[in-house]
Amino acid sequence: MKKTAVIFLVLLLFLVGCGNEEAAQKTEQKTEQGPKIVATTVAITEIMDKLDLPLVGIPTSSKKLPERYAGVKETGSPMGPDLEVIRMLKPDMVLSTKTLEADLKAGFEGADLNADFLDFTSIDSMQVEIKKLGTEFDRTKEASKLNSDLTREIDKVKTNVAKKKKPTVLILMGVPGSYLVVTEYAYIGDLVKLAGGENVITNQKVEYLASNTEYLQNANPDIILRAAHGMPAEVVKMFDEEFKTNDIWKHFDAVKNDRVYDLDENLFGMTASLNAPEALREMEKMLYDN
């Protein structure tokens, strides 16, 4: 009887030990895997790559994404992510940008998805978000290095333009069929400011405004920058037609002096990204006719 009891006790301890070991392995595996993250924009995807973070979902884009995410499930366009696909991935966090929050927040909440909208309206705000991501996902070292690299390149441009005369600048953001005026609170406006330009639109707290050509003519900027949001070829044609057929534009000094520039959509997007230093260097060339 005693022998049977001893054998039973040994078996019980063995089973408990196996159970504890299995639980420990599962815990360790979960820790190693980390949180399941979906990045819904190209800029966020590139940042997550620099932070050495895996993703379970990436945006559908014609732009080349980091190699490490080859084969990762595509979740649709940044402005219209496929909520059903994202739900199937069972993410712990979905990352989008604050610029799209008004359009996407209700949908994410309705799909019971935990979403965070990152502020990429300026380089400074992007760097703040990078620091936060580093803290949240245990990548403080990588985030610090990334921000240091960005700051070093940006400071070079700021030093170059520090003593130069500040040109006045008008920024137009075009979509097929219409266009808006860009303030300093939008990303491209931030680039102009960092490159030493003065936006002719002041005392505004929004990113974009409806165009008033008579007011803009009175401001008479030294330079006009024309940006495209989607379908850039069509937008450039639209701008060319507008400047050709609307007589008011011929009175602008920027037009008279051939200081009207079309911005490359791949470099000058709606939100800040890791190509910000390159965009800032290009902005410097345009503002000072380098």
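According to the numbering used here, the sequence shown holds residues 1398 to 1687 in order.
Where a beta carbon is used, it is the ideal one built from N, C-alpha and C, also for glycine.
Could you check the C-alpha separation between V1554 and I1483 for me, to the nearest Å?
Cα to Cα, the separation comes out at about 40 angstroms.
Using a threshold of 7 angstroms, state whether the C-beta atoms of P1488 and V1435 are closer than that.
Yes, the Cβ-Cβ distance between P1488 and V1435 is below 7 angstroms.
Touching or not, the region 1665-1680 and the region 1570-1590, by the rule of three or more beta carbon pairs under 8 angstroms?
At 8 angstroms Cβ cutoff, the stretches touch.
Of the residues E1471, P1478, M1490, E1611, which one's Cα is nearest the Cα of D1644?
The residue with the shortest Cα to Cα distance from D1644 is E1611.
Is DSSP giving M1683 helix, strand or coil here?
The answer is helix: DSSP assigns M1683 an H, G or I state.
Please determine whether the Cβ atom of M1680 lies at a distance below 6 angstroms from any heavy atom of the ligand NAD.
Absence of the ligand NAD is noted for the structure shown, with no ligands found whatsoever.
If you compare alpha carbons, which of E1443, D1509, K1561 is closest to M1490?
When each option's Cα is compared against that of M1490, the closest is D1509.
Just confirm the distance between the C-beta atoms of L1577 and S1608, as a whole number of angstroms; I'd bet it's less than 8 angstroms.
L1577 to S1608, Cβ: 7 angstroms. Contact.
Classify G1507: buried if its beta carbon has 16 or more other beta carbons within 10 angstroms, exposed otherwise.
Burial call: exposed.
Please state the DSSP three-state secondary structure of A1508.
Note: A1508 maps to coil in three-state DSSP.
What would DSSP say about D1500, mapped onto helix, strand or coil?
DSSP places D1500 in helix when its eight states are reduced to three.
Helix, strand or coil for T1610, going by three-state DSSP, please let me know.
Reduced to three states, the DSSP call for T1610 is helix.
In this structure, does DSSP put E1429 in helix, strand or coil?
Because E1429 sits at a pLDDT of 49, beneath the cut-off of 50, its placement in the model cannot be relied upon, and the following sentence gives the value as read from the coordinates. Looking at E1429 - three-state DSSP - the assignment turns out to be helix.
In chain order, what residues of the same chain lie with their CB nearer than 8 angstroms to the CB of D1513, ignoring the 5 residues before and after it?
If we look at D1513 and ignore the five residues flanking it on each side, its Cβ neighbours are M1490, V1491, L1492, S1493.
With a CB to CB cut of under 6 angstroms and the five nearest residues on each side skipped, what residues in its chain are close to A1625?
Result list for A1625: G1571, V1632, E1662, in chain order.
Where M1445 and T1642 are concerned, what is the direct C-alpha to C-alpha distance, given to the nearest angstrom?
Straight-line Cα distance between these residues: approximately 46 angstroms.
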